[in-house]
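The opening residue of the sequence shown carries number 1237 in our numbering; numbering runs sequentially from there. First comes the structure, then the notes that go with it.
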Amino acid sequence: MNLTIWGAAQQVTGSMHLLETDHYKILIDCGLDYEYNSDVSENEHFPFDPATIDVVVLTHAHIDHCGNLPTLIRLGFQGQILCSSPTAALSELLMLDAVNIFLKKEKRKIRRGNKRFVKYERPLYLQKHVMDTVERFVPIAFDKPFRITGKIELTLIPIGHLLGATAVILTIEENGETKKIAFTGDVGRKDYPILKDPQPIPPVDYIICESTYGGRDHSDDNLSDVLIDTITETCLKTPGKLIIPAFSVGRTQALVYSLNRIFSKGLLPPIQIFVDSPLANYATEIYRRFHHLLNNEAQAFYSREGDQFDFENLKYVENLDESKDISNYFDPCIIISSAGMLEGGRIQDHLYENIQNYYCTILFIGYCAKGTLGHRLLRGDPIVKIRNRELSVYASIKKTDSLSGHADHQDLVTLVGQQPLHELKKVFLVHGDLGSMQALEVALTSKGYSVEIPQKGKTITL
Ligand SMILES: [Zn+2]
1237 MNLTIWGAAQ
1247 QVTGSMHLLE
1257 TDHYKILIDC
1267 GLDYEYNSDV
1277 SENEHFPFDP
1287 ATIDVVVLTH
1297 AHIDHCGNLP
1307 TLIRLGFQGQ
1317 ILCSSPTAAL
1327 SELLMLDAVN
1337 IFLKKEKRKI
1347 RRGNKRFVKY
1357 ERPLYLQKHV
1367 MDTVERFVPI
1377 AFDKPFRITG
1387 KIELTLIPIG
1397 HLLGATAVIL
1407 TIEENGETKK
1417 IAFTGDVGRK
1427 DYPILKDPQP
1437 IPPVDYIICE
1447 STYGGRDHSD
1457 DNLSDVLIDT
1467 ITETCLKTPG
1477 KLIIPAFSVG
1487 RTQALVYSLN
1497 RIFSKGLLPP
1507 IQIFVDSPLA
1517 NYATEIYRRF
1527 HHLLNNEAQA
1537 FYSREGDQFD
1547 FENLKYVENL
1557 DESKDISNYF
1567 DPCIIISSAG
1577 MLEGGRIQDH
1587 LYENIQNYYC
1597 TILFIGYCAK
1607 GTLGHRLLRG
1617 DPIVKIRNRE
1627 LSVYASIKKT
1637 DSLSGHADHQ
1647 DLVTLVGQQP
1657 LHELKKVFLV
1667 HGDLGSMQAL
1677 EVALTSKGYS
1687 VEIPQKGKTI
1697 TL
């Protein structure tokens, strides 16, 4: 059988792997590739005919793993999409959000010399294509083998990272031989708020492993301590505002639950908290619906205290008028809003109003890519441009990686290290930049594993 890494090859986005047996083609993930950056429409050039794919298996709902599915369907894919139930629900939400972003970008004003132009960018897909995609989802139970054909069996293993995220294990019979192949998807961390720990991957012949944090380990920051210290400094010792940019799906729910734990234990006096992101409100509903899948600690909290995502001093902001009011909220408060990297979203209004306020702190809890406003603030730019105005940065800037949803270098080495050396034939590294992959390659090779960093489009015979 053949494996071709068509995306996330020596880069982080656009996960898409094709596994071909003599009679069947399985696509694992079909994510949006952001390396095309300015021209998302490049994603519609599939290197194969979508109509020839028999089935898609989806690891999780992040847009760099599911976000190109509507294009695949628009261009002829006829089969089913197998994934966990929460992945189906969250993917629908995130793909619909992607449509909103495409439509906002559809008509952009650009400037060339002294002349202004309107540039039209055709949306990659529309709401109707997302609806066509959602109809193809077939929810698969965790940890239970599911027969795709007489010769191909699928098992989804919970892997932390995001509600519903799984590693994909395929057991394939071909020419009288049985081979097991594991795709890790994105691997989560132990002891992450609300999520269960990643489960070990059973012994396999080949593993296609993510490597986002290869060569880097997370700090020992304790999230609760960071939150208590920052809130005390910003909202109690001074009458300030704490603004926390957070991705709406996953990160916001983990943060809200962590704050709920702090306030319910009485570790801080009540302070008004606003969650200002319509997408986060919808995602929180999905987390509530699947609360039986959250970790034991979060479920015990639910039995003791009630809803993990609701408490007395917390308000979910509904409409834009309300959102504008909280930018100028007079008393000390905490505003959680998106986008996490500060590119677009309601967070921009809150920054515009508060970045010149000495009593404001901006706490980053996630990665900010180069070229984003978040990245410029984190590197300490004294002046930044928001809504076409140059503004001096007087607010304090803080950062913690304690809410990162990805396994770090040591976690990934441990995950692969659970595989018996004499059984695992090869580790293929994907979903990381080349430096991260090379660091992981060195660590795994020194343990005796055979490691390959595949080029995009190179077909490997397994
Ligand atoms: Zn992910």
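Quick reminder that beta carbons are idealized off the backbone N, C-alpha and C, glycines included. A quick note: this is a predicted structure, and the numbers were derived from the prediction, not measured.
_For S1277, which residues in the same chain have their Cβ closer than 8 Å to its Cβ, ignoring the five residues on either side in sequence?_
Excluding sequence neighbours, S1277 sits near E1357, R1358 and L1360.
*asked:* Would you say the beta carbon of H1667 is closer than 6 Å to some non-hydrogen atom of ligand 1?
replied: Distances from the CB of H1667 to the heavy atoms of ligand 1 are all 6 Å or more.
_So, at 6 Å on beta carbons, what are the nonlocal neighbours of D1333 in its own chain, with the 5 sequence-adjacent residues on each side left out?_
Excluding five sequence positions before and after D1333, the CB atoms of its chain that fall closer than 6 Å to its own CB belong to L1515, given in chain order.
*asked:* Applying the 10 Å Cβ sphere with the 16-neighbour rule, what's the burial state of P1630?
replied: Reading off the sequence, residue 1630 comes out as Tyr, not Pro. Exposed, by the Cβ-count rule.
*List in chain order the residues whose CB is within less than 5 Å of at least one heavy atom of ligand 1.*
The set, ordered by position in the chain, is H1298 and D1422.
*asked:* Need the endpoints of the beta strand (DSSP E) that R1383 sits in, please.
replied: Annotation for R1383: the continuous beta strand (DSSP E) segment containing it runs F1382 to T1385.
_In chain order, each alpha helix (DSSP H) run of at least 4 residues that lies wholly inside the region 1638-1671_ = Qualifying alpha helix (DSSP H) stretches, in chain order: 1645-1653.
*Check whether the Cβ atoms of G1607 and L1578 sit closer than 7 Å, and answer yes or no.*
No. Outside cutoff.
*Let me know the secondary structure DSSP gives L1504 once reduced to three states.*
Annotated three-state conformation of L1504 is coil, per DSSP.
*Let me know if H1556 comes out buried or exposed under the rule of 16 or more other beta-carbons within 10 Å of its beta-carbon.*
Here residue 1556 turns out to be Leu, not His, going by the sequence shown. By the C-beta density criterion, L1556 is exposed, having fewer than 16 other C-beta atoms within 10 angstroms.
*Find out if the Cβ-Cβ distance for the pair T1695, V1687 is shorter than 7 Å.*
V1687 sits away from T1695, with the two beta carbons spaced by 7 Å or more.
*Excluding the 5 residues preceding and the 5 following S1321 in the sequence, name in chain order all residues of the same chain whose CB lies nearer than 8 Å to its CB.*
Cβ contact annotation for S1321 (same chain, cutoff 8 Å, sequence separation greater than five): P1375, G1400 and F1526, in chain order.
*Buried or exposed: where does H1658 fall if 16 or more other Cβ atoms within 10 Å of its Cβ makes it buried?*
Exposed, because fewer than 16 other Cβ atoms sit within 10 Å of the Cβ of H1658.
*Pull up the DSSP beta-bridge partners for Q1316, would you.*
BP columns for Q1316 point to V1291.
*asked:* I'd like to confirm the pairing. Which residues does DSSP put opposite Y1552 in its beta bridges?
replied: For Y1552, the pairing in a beta bridge is given by DSSP as V1511.
*Considering S1460, what are the terminal residues of the alpha helix (DSSP H) in which it resides?*
Under the DSSP assignment, S1460 falls in the alpha helix (DSSP H) whose first and last residues are L1459 to I1467.
_Exposure of V1703, with buried meaning 16 or more beta-carbon neighbours within 10 Å_ = Residue numbering for the chain in the displayed model covers 1237 to 1698; residue 1703 lies beyond these limits and cannot be assessed.
*Examine the Cβ distances between the region 1503-1523 and the region 1612-1620 and report whether three or more of them are shorter than 8 Å.*
Proximity of the region 1503-1523 to the region 1612-1620 falls short of the contact definition, fewer than three beta-carbon pairs being nearer than 8 Å.
*With a threshold of 16 other CB atoms inside 10 Å of the CB of K1380, please say whether the residue is buried or exposed.*
Burial call: exposed.
*Nearest CA to the CA of F1547: which residue from S1574, R1497 and P1283?*
Closest option to F1547, Cα to Cα, is R1497.
*Between which two residues does the beta strand (DSSP E) carrying R1582 extend?*
That residue, R1582, is in no beta strand (DSSP E); it is neither H nor E in DSSP.
*Could you tell me the boundaries of the alpha helix (DSSP H) in which I1299 lies?*
Segment I1299 to C1302, the alpha helix (DSSP H) holding I1299.
*Can you tell me whether I1408 is buried or exposed, with buried defined as 16 or more other CB within 10 angstroms of its CB?*
By the 10 Å Cβ count, I1408 comes out buried.
_Under 8 Å: do the region 1661-1680 and the region 1240-1247 share three or more Cβ pairs, one atom per stretch?_
Verdict: yes, contact present.
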